[in-house]
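Q: Taking my numbering, I'd label the letters of the sequence shown as residues 5 to 119.
Cβ coordinates follow ideal geometry from the N, Cα and C atoms, glycine included.
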Amino acid sequence: MKLPGGDQAIIPPGKLELYCLNPVHGRGGDKARVFASALGVTLANAAVLRSALQRGATGENARLLGSDQFGDHYRIDFVLNHAGRSRMVRSGWTIRQPDGPPYLTTAFVLPFDHG
5 MKLPGGDQAI IPPGKLELYC LNPVHGRGGD KARVFASALG VTLANAAVLR SALQRGATGE
65 NARLLGSDQF GDHYRIDFVL NHAGRSRMVR SGWTIRQPDG PPYLTTAFVL PFDHG
């Protein structure tokens, strides 16, 4: 299944720059270091990841993980090619209200043995 409303997907301001690609963030720092070493994606070229996430939200298959008081939670895995490198990236999305847009909650590079 495709992500409902994927064409309206929202990547909140700062989600990439302040979290996923910020090497000094307490929880996002490890993600940032792996994006940099595995794919050459850093704060300086965050647009690469932003574009890939938007393409994934509209073109890749999504898996519904569950629903709770915060909304419906989906996962999308996709291949990101950059700087002659290729890795699988996992993204998390939440749809907060029926027919609302999906919001990016996380993104990270999967280990090679993700199964």
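1) Please tell me whether D103 and R94 are closer than 8 Å, where the distance is taken between their beta carbons.
2) Which of the three DSSP states is assigned to T46 in this structure?
3) Out of L53, S55, I99, state which residue places its alpha-carbon closest to the alpha-carbon of Q73.
4) Are there 16 or more other CB atoms within 10 angstroms of the CB of A191, so buried, or fewer, so exposed?
5) Under 8 Å, with one C-beta from each stretch per pair, do the region 59–72 and the region 20–39 reach the 3-pair mark?
6) Whole angstroms is fine: what's the gap from D76's alpha carbon to Q12's?
7) Out of P17, V38, L43, A56, point me to the one whose CA is closest to H86's CA.
8) Pull up the distance between the alpha-carbon of A36 and that of T46, whole angstroms please.
9) With a Cβ-Cβ cutoff of 8 Å, do L22 and L53 count as a contact?
10) Using the C-alpha atoms, what's the distance from S41 back to P115?
A: Straight from the coordinates:
1) By 1-based counting over the sequence shown, the position of residue 103 is 99. By 1-based counting over the sequence shown, the position of residue 94 is 90. Result no, Cβ atoms of D103 and R94 do not sit closer than 8 Å.
2) On the sequence shown, position 42 is the one that residue 46 refers to. Note: T46 maps to coil in three-state DSSP.
3) Counting from 1 along the sequence shown, the entry for residue 73 is found at position 69. Q73 has its Cα closest to that of I99, out of L53, S55, I99.
4) Lying outside 5 to 119, the shown extent of the chain, residue 191 is not represented and no answer is given.
5) no
6) Within the sequence shown, numbered from 1, the residue matching residue 76 stands at position 72. Within the sequence shown, numbered from 1, the residue matching residue 12 stands at position 8. Approximately 15 Å between the Cα atoms of the pair.
7) If you number the sequence shown from 1, residue 86 lands on position 82. With distances taken between Cα atoms, H86 lies closest to L43.
8) The count along the sequence shown starts at 1 and reaches residue 36 at position 32. The count along the sequence shown starts at 1 and reaches residue 46 at position 42. About 7 Å.
9) If you number the sequence shown from 1, residue 22 lands on position 18. If you number the sequence shown from 1, residue 53 lands on position 49. Against a cut-off of 8 Å, the Cβ pair of L53 and L22 comes out as no contact.
10) As a first step, residue 115 must be located in the sequence shown, where it is residue number 111. As a first step, residue 41 must be located in the sequence shown, where it is residue number 37. One C-alpha to the other measures close to 12 Å.
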